[in-house]
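K.L.:
Numbering (my numbering), first residue to last: 177 to 296.
C-beta: ideal position from N, C-alpha, C; glycine also.
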Amino acid sequence: MKTEIETYKSIINPFTDRVGEQVLTTPQQVWADPYGAPVPTDHSTQYLTALTLTHECRKENLDAVINYLDRCELPIAALGVLRVSKKFPTLLTRARFQTWFRKHSEFFGIQSNVSQSNTA
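#1: My understanding is that ILE242 touches TRP276, with C-beta atoms under 8 Å, so please give their C-beta distance in whole angstroms.
#2: What residue does the alpha helix (DSSP H) around HIS219 start on, and which one ends it?
#3: Do you know how far the Cα of LEU250 is from the Cα of TYR223?
#4: Answer with buried or exposed for LEU123, where buried requires no fewer than 16 other C-beta atoms within 10 angstroms of its C-beta.
#5: Taking just the CA atoms, how far does GLY256 sit from VAL215?
#6: Who are the near neighbours of ALA213 in its chain, counting only those whose CB is closer than 7 Å to its CB and skipping five residues on each side?
#7: Exposed or buried, which one is ASP246 when buried takes at least 16 other CB atoms within 10 Å?
If you want it as structure tokens, here you go:
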């Protein structure tokens with residue numbers, strides 16, 4: 177039985193690393209440089225990239241995945257982070273995840289309870 181990512185790749189084109197004109201970002205690029213790896217501009221390509229990352233992610237790559245996904249469209253990033261957190265529940269205790277979640281808490285309908293500095 178094919179995995180979800182294998183199914184998507186076979187639908188697009190199993191013999192290419194492109195979706196239309198966009199080159200797919202590889203997990204290895206993200207692991208090496210999550211802030212510099214290319215982020216596709218096309219939503220479908222971002223989605224496929226997020227699925228690939230969450231499928232290939234290992235414990236040692238968790239922060240890199242969050243750092244990269246934080247550069248994607250927020251709904252795609254949220255989906256990717258949710259998938260990674262199901263695969264690695266300990267992600268929820270990591271400082272990088274907590275920072276990312278606080279930054280986007282309104283997207284999830286949660287009021288951030290990060291206190292503002294007192295300037296009195």
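P.N.:
The answer reads as follows:
#1: Within the sequence shown, residue 242 is the residue found at index 66, counting from 1. Within the sequence shown, residue 276 is the residue found at index 100, counting from 1. The distance from the Cβ of ILE242 to that of TRP276 is about 5 Å, consistent with a contact at the 8 Å cut-off.
#2: Taking the first residue of the sequence shown as 1, we reach residue 219 at position 43. Unbroken alpha helix (DSSP H) run through HIS219: 219–232.
#3: Here the question's residue 223 lines up with position 47 in the sequence shown. Here the question's residue 250 lines up with position 74 in the sequence shown. In a straight line, the C-alpha of TYR223 is about 11 Å away from that of LEU250.
#4: With the chain represented from 177 up to 296, any question about residue 123 goes unanswered, as that position is not in the structure.
#5: The residue given as residue 215 occupies position 39 in the sequence shown. The residue given as residue 256 occupies position 80 in the sequence shown. About 14 Å.
#6: Reading the sequence shown from its first residue, position 37 is the one you call residue 213. Cβ neighbours of ALA213 beyond the five flanking positions: THR201, GLN205, VAL206 and TYR244.
#7: The sequence position of residue 246 within the sequence shown is 70, counting from 1. With 16 or more Cβ atoms within 10 Å of its Cβ, ASP246 is classed as buried.
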